[in-house]
Structures are given as structure tokens and as C-alpha cells.
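Counted the way mature numbering (1 follows the signal peptide of the UniProt record, and there is no 0) counts, the sequence shown spans residues -23 to -1, 1 to 291.
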Amino acid sequence: MNGELHKWVQILVCMLILLKAESFFVDITYVQSAVAKGAVCLDGSPPAYHFDKGSGAGINNWLVHIEGGGWCNNKTTCFARKSTRLGSSKQMAKQVVFSGIFSNKPKFNPDFYDWNRIKVRYCDGASFTGDVEEVDPTTKLYYRGARIFVAIIEDLLAKGMKNAQNAILSGCSAGGLTSILHCDNFKSLLPLGTKVKCFADAGFFINAKDVSGASHIEGFYNDVVTTHFINAISGLALSTSKGYFINSCYAHCQTETQETWLRGDSPVLDNKSIAKAVGDWYYDRSPFKKIDCPYPCDKTCHNRVFDNNEHPLI
């Protein structure tokens, strides 16, 4: 083995050891009881989630995180999902890696490591909003996302969430939109007196060509953010219950991976990591409302270049 190859093998081994130390695998749970309620994925298969049970002081605290996966916008794109994990639990991996906000180690997830941590798999194509009784006669697709959300929460209630003292509904990408749309619904399904908060990781926007075939969305979205979004959130400045951590990183979803959630080199705003900001916000230790300088000024970012083949419809 030549010196250059030996060096790369050593780097790979070190990375695998680090990954093992920072994460672990959690088995899938299928909610078979949901089928009788019509709460099924696009292909009619039962919904699913991954659950790592809490311990000690966190035994009655629950973090429910919704997986991302974009939207399907017509019969063709929704039908295409039937044969993938985004439309069928039959195609989902039996295990997923838990790290970042899912970590069970206080070093990597100090505020939520001992909570019950759940990753809900995304298989309805519309941020768990659909509730169409009729099955599509031509594609045999089920649009039942809203029913899936309720069925999964009911299943978790039966497994101990009925005793929840603290609860968070979070999500990444399309799952982040779910946490926004279902926040009130989530709270209504939990016991009276449970402290409930919701947060979304990675906003909802579409980066696609317009009807003329031109790519105007990047400049357009930048103008929208500058004109409306930042002005809109400025109204949160006086709120003691709401917060925001808006960094200018070329990244999509930063809570699910250890490198961006909490590590020695993770992104920070005002010298505070995402994990610390979220923990302080949830536990009312201190409010956090910070907006980054314009991209690419932030040197703490983990900017990424995504491969569409590896990350279809993030």
C-alpha cells in the first residue's frame, strides 16, 4: 500500500470510529393499527417511526421529529413515490442512524439526550396534510397524511406520552412544515398541562425553474426574504416564547447531524450553537433571536454541495 493510499485509509477509519461514537442505530416500528383507520402511506402501507426510549429525569419528556422529503405535486410525481421510502413503509430502511438532536449522549445533546426521541418517517408526500377518503382509481394512491399524524401520536400516547410533562414537535424540510402546520393539533392531543413547543429546521421553499424555463427563484427568494421574511420576524423581538436562529449557511436541515447540531466545530451565532439556542429557548433559560450576516460571511458554516442522486427531494 503506497503512502497516499495508506493516509486515506487511516482517515476513513478515523471517520468511522468518530461516527460510531457520535451515533447509533434504531429499529423501525410499524403502526399496524393505523391501517384500520385509513391512516396509510401513499401505497396503502402502514406508517412508521423509530423510537429510542428516554431514561431517568427525561422519562416523561418527548421529542417527536418529522422526517423531510419534499412534496409530490401531481399524480405522476406522487405515483413515483409508491416504490420509494417517501411513499411506502415497505421501502424504508429497517434501521436509521440517531445523532444530533436524537443523540443519547449528554456530550452531544445536553438538553434532550435522556428524552424519548422519535423520528417519524415521511410517506404521504404533503407534510401530513391530506385526508381524502377516496382512493385514486387510476393510481391507487392514498392521500391520508393528516390521519397518519394523528395515528402516530395516538400510538405514542399509548406508549407513555400520555404522561408527558414536556414535549417538542420538530421536523426537517417538509417535516419542518409539518411541525408548523400541526403544532396546535399536536398540543391538543397531549395532556392538559404539558409544556409544548414546536420548531422547524430548514424553511419551506421551492428552488425550481418557472414556466418560462428560467431560474428566477434564487434572486426572487432572496428578495422575498429581505423584503418580507426578515421584516415579519422582527415582530417577534418582544416575544418571550418565540425565537429564531437564522444562519447564512448553504445547508439544508442542521438538527439531525452531530456536526451541525453540537460539536466543537458546529455552526454558531453570537457564539451559541444550534443545540444551545434550542435548549435555552425550550427551557426558558434565555430567548434567542439572531440573524446571520449575508452568505458567505459565516466561517462557522458547514456548507454542502448536494448530489441529487443521493439526496432526492430533501
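All residues carry an ideal CB built from backbone N, CA and C; glycine is no exception.
Query: Is residue 52 helix, strand or coil when you go by DSSP?; Result: helix
Query: How many whole angstroms separate the CB atoms of residue 174 and residue 145, which I take to be in contact at a CB cut-off of 8 Å?; Result: 6 Å
Query: DSSP on residue 34, reduced to helix/strand/coil?; Result: helix
Query: Quick check on the DSSP output: the alpha helix (DSSP H) that includes residue 126 runs from which residue to which?; Result: 122 to 135
Query: Starting from the C-beta of residue 26, find all residues in its chain whose C-beta is less than 7 Å away, skip the five residues before and the five after it, and write them out in chain order.; Result: 6, 95, 96, 97, 98, 129
Query: Give the C-beta separation of residue 133 and residue 100 to the nearest angstrom, bearing in mind that I take them to be a contact with Cβ-Cβ under 8 Å.; Result: Not confirmed; about 17 Å, so no contact.
Query: Check residue 92 in the structure and name its three-state DSSP category.; Result: coil
Query: With DSSP collapsed to three states, give me the class of residue 76.; Result: coil
Query: Compute the Euclidean distance between the alpha carbons of residue 89 and residue 53, then round it to the nearest angstrom.; Result: 40 Å
Query: In the structure shown, what three-state DSSP assignment does residue 172 receive?; Result: strand
Query: Using the beta-carbon count (16 or more within 10 Å), is residue 266 buried or exposed?; Result: buried
Query: Give me whichever residues DSSP pairs with residue 29 in a beta bridge.; Result: 94
Query: Out of curiosity, what's the CA-to-CA distance linking residue 235 and residue 115?; Result: 43 Å
Query: Across which residues does DSSP place residue 39 in a beta bridge pair?; Result: 93, 144
Query: Counting Cβ pairs closer than 8 Å, one from the segment 72 to 87 and one from the segment 6 to 24, do we hit at least three?; Result: no
Query: Please return the same chain residues whose Cβ sits closer than 6 Å to the Cβ of residue 219, not counting the five positions on each side in sequence.; Result: 213
Query: Within a Cβ cutoff of 8 Å, which residues of the same chain sit near residue 38, ignoring the five residues on either side of it in sequence?; Result: 31, 89, 91, 92, 93, 141, 142, 143, 144
Query: Here's the rule I'm using: 16 or more other beta-carbon atoms within 10 Å means buried, otherwise exposed. How should residue 2 be labelled?; Result: exposed
Query: Are there 16 or more other CB atoms within 10 angstroms of the CB of residue 272, so buried, or fewer, so exposed?; Result: exposed
Query: So what's residue 270 in DSSP terms, helix, strand or just coil?; Result: coil
Query: Return the CA-CA distance between residue 240 and residue 190, expressed in angstroms with no decimal places.; Result: 41 Å
Query: Going along the chain, which residues of its own chain have a beta-carbon closer than 7 Å to the beta-carbon of residue 287, five neighbours each way excluded?; Result: Because the pLDDT at residue 287 is just 48, under 50, the model does not fix this residue reliably, and the point stays unresolved.
Query: Quick check: what's the CA-CA separation for residue 207 versus residue 74?; Result: 34 Å
Query: Taking the alpha-carbon positions, what's the residue 261 to residue 237 distance?; Result: 22 Å
Query: For the beta strand (DSSP E) that contains residue 257, what are its first and last residues?; Result: Here residue 257 belongs to no beta strand (DSSP E); instead the alpha helix (DSSP H) covers 251 to 259.
Query: Just how far apart, CA to CA, sit residue 226 and residue 68?; Result: 32 Å
Query: Just verifying my parser: in three-state terms, what is the DSSP assignment at residue 149?; Result: strand
Query: According to DSSP, is residue 161 part of a helix, a strand, or is it coil?; Result: helix
Query: For the putative contact between residue 179 and residue 156, defined by C-beta atoms under 8 Å, what is the C-beta separation to the nearest angstrom?; Result: With a Cβ gap of about 11 Å, residue 179 and residue 156 do not count as contacting.
Query: Which of the three DSSP states is assigned to residue 12 in this structure?; Result: helix
Query: Just mark residue 169 as buried or exposed, buried being the case when its beta carbon has 16 or more other beta carbons within 10 Å.; Result: exposed
Query: Out of 245, 119, 147, point me to the one whose CA is closest to residue 43's CA.; Result: 147
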